[in-house]
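Quick notes on the structure that follows.
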Ligand SMILES: Cc1ncc(COP(=O)(O)O)c(C=O)c1O
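In the numbering used here, the protein residues as written are 162 to 527.
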C-alpha cells in the first residue's frame, strides 16, 4: 500500500482509524482552527454571499474584494508592506522565484528544505547548491565560493516540521553579502512563532528588509491558501511576472472568508498560543524526566530519537493499545527509516497529554 490509510477527524483532538477513535498528535492545525465554529460560520457566509469560486485568474476577471481584504489583513497581522495571496502554500515560494528570476546569480538551499522551496529554487535560472541543515558556517563556505560579485538567494524553511527547529536567520544575515536576500518558507512558523505569532522572522528578531517570508493558511490558520509577505516592489513583480499568480484561479472565496476569521482569532486570543506552548513544555519536560533525549526546539513538535525497526513496531503497537494514533512518518531528508513525530495542539487536554507521556515513559523504561 503506497497511500496512507484514510483518517477521519473526530472533534478537535481525535481521529477515526480502523474503526477506533484514537487521540491524534499529528497534522499541523496547531490551534485546531479548521474545527472552530467561527471559521465554519465565515465559510458559510462567504459561500452564500460570494459563491464558491471566481473561476478566473485575478489578472483577468477573478479579483474580488474579499481577496483584497484578506491581503490587507494579512499584511497587518504580519507587519508587512503588502501580502499577495496564492492558491496554496506550495505555490507561494514559486511565485517569488518566478518574479525574481534572473536577479540572483546563486541559490543556496538548506539540505532539508521543503520540496516547495527546492522547486522554487529552480525557477531562479541560476545554479542551485545545498548547504548543511541549519548550519551558518557551511552556508558561509557556500557563499564564499560564489565569488565577490555574487548576488545570492538563500532558501530555507522558517520552522522545520520534522523536529520544530528554526532556521538561524540572524546568523545567516550576518554572513550574507549586502547583495543577497533570504527566502523563508514559513509554512509552520507563521501564526506560531514570535511574540505575536508573526513567525520565524519575529522569533529571530530580524527585519523584512532582506528577508522574504511566505506561508500557508492551511496550518496555524486552519483555512487554506498561500501568502507572500512582500514589499511593494516585490508585490508588483509577482503580479506581473509570476506565472503561478497570473495563470491560476485564486483560493475559493469561502476559504478566504475562513482565513479572515482565523486572523481575527489569532489577533484577539493570544491565550491560544500560550496554551500551545504550555502543552508542549509540559509534555517535553515529562518525557525528559522519563529519560528521553528530546531536543528543546522552539516549535510545538516533538521528534523522538530514531528507533530500530523492532522498537518502532513495538511502540506503534503500544500507542494503539493505549488509544493513541501512532504518528510515524517517512520524512524526506530528515531520516531514512522514518520518525515518530508528535505534533502538539493548544486543544489537547491534560488527560490526553498524560496518556501519551505515560505510554512513552513506560516504553522508555521497558
Ligand atoms: C514547509 C512547507 N512549505 C509548503 C507547504 C505547502 O503548503 P500548502 O499545503 O498550503 O500547499 C507545506 C505543507 O505541507 C510545508 O510544510
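Using N, Cα and C, we set each Cβ at its ideal position, and we do this for glycine too.
The model shown is predicted, which means the values in this text are computed figures rather than measured ones.
Beta-carbon proximity list for residue i, same chain, < 6 Å, skipping 5 on both sides
| i | result |
| --- | --- |
| residue 399 | 245, 256, 260 and 406 |
| residue 371 | 342 |
| residue 532 | Given that the chain is displayed from residue 162 to residue 527, the structure contains no residue 532 and the question cannot be resolved. |
| residue 238 | 424 |
| residue 447 | 518 |
| residue 441 | 461 and 505 |
| residue 340 | 312 |
Beta-carbon proximity of residue i to residue j, cut-off 7 Å
| i | j | result |
| --- | --- | --- |
| residue 314 | residue 351 | no |
| residue 182 | residue 508 | no |
| residue 219 | residue 411 | yes |
| residue 275 | residue 324 | no |
| residue 327 | residue 364 | yes |
| residue 258 | residue 312 | no |
| residue 486 | residue 176 | yes |
| residue 114 | residue 478 | Shown here, the chain extends from 162 to 527; a query on residue 114 therefore has no answer. |
| residue 464 | residue 500 | yes |
| residue 437 | residue 461 | yes |
| residue 278 | residue 316 | yes |
| residue 360 | residue 347 | yes |
| residue 387 | residue 200 | no |
| residue 488 | residue 178 | no |
Run of the alpha helix (DSSP H) containing residue i, from where it starts to where it stops
| i | result |
| --- | --- |
| residue 432 | 432-450 |
| residue 473 | 470-483 |
| residue 280 | 276-283 |
| residue 399 | 393-402 |
| residue 202 | 198-211 |
| residue 226 | 226-239 |
Endpoints, the beta strand (DSSP E) within which residue i is located
| i | result |
| --- | --- |
| residue 496 | 496-504 |
| residue 268 | 267-271 |
| residue 169 | 169-171 |
| residue 418 | Here residue 418 belongs to no beta strand (DSSP E); instead the alpha helix (DSSP H) covers 414-429. |
| residue 176 | 175-178 |
| residue 317 | 313-318 |
| residue 464 | 462-464 |
| residue 376 | 372-377 |
8 Å Cβ shell around residue i - same chain, five flanking residues per side excluded
| i | result |
| --- | --- |
| residue 335 | 297 |
| residue 227 | 207, 211, 414, 417, 418 and 421 |
| residue 164 | none |
Sequence-distant residues of the same chain with beta carbon closer than 7 Å to residue i, five excluded per side
| i | result |
| --- | --- |
| residue 396 | 243 and 245 |
| residue 490 | 499, 500 and 502 |
| residue 254 | 277, 278, 281, 344, 346 and 375 |
Nearest-angstrom Cα separation, counted from residue j out to residue i
| i | j | result |
| --- | --- | --- |
| residue 378 | residue 193 | 13 Å |
| residue 519 | residue 420 | 36 Å |
| residue 304 | residue 263 | 18 Å |
| residue 203 | residue 404 | 30 Å |
| residue 188 | residue 309 | 44 Å |
| residue 368 | residue 385 | 26 Å |
| residue 270 | residue 392 | 22 Å |
| residue 292 | residue 299 | 6 Å |
| residue 320 | residue 439 | 19 Å |
| residue 221 | residue 496 | 44 Å |
| residue 168 | residue 180 | 10 Å |
| residue 295 | residue 272 | 9 Å |
| residue 209 | residue 435 | 35 Å |
| residue 241 | residue 511 | 37 Å |
| residue 306 | residue 196 | 49 Å |
| residue 480 | residue 401 | 51 Å |
| residue 492 | residue 329 | 21 Å |
| residue 474 | residue 332 | 40 Å |
| residue 236 | residue 428 | 13 Å |
With 16 other Cβ atoms within 10 Å as the buried cut-off, status of residue i
| i | result |
| --- | --- |
| residue 374 | buried |
| residue 380 | buried |
| residue 215 | buried |
| residue 232 | buried |
| residue 282 | buried |
| residue 513 | buried |
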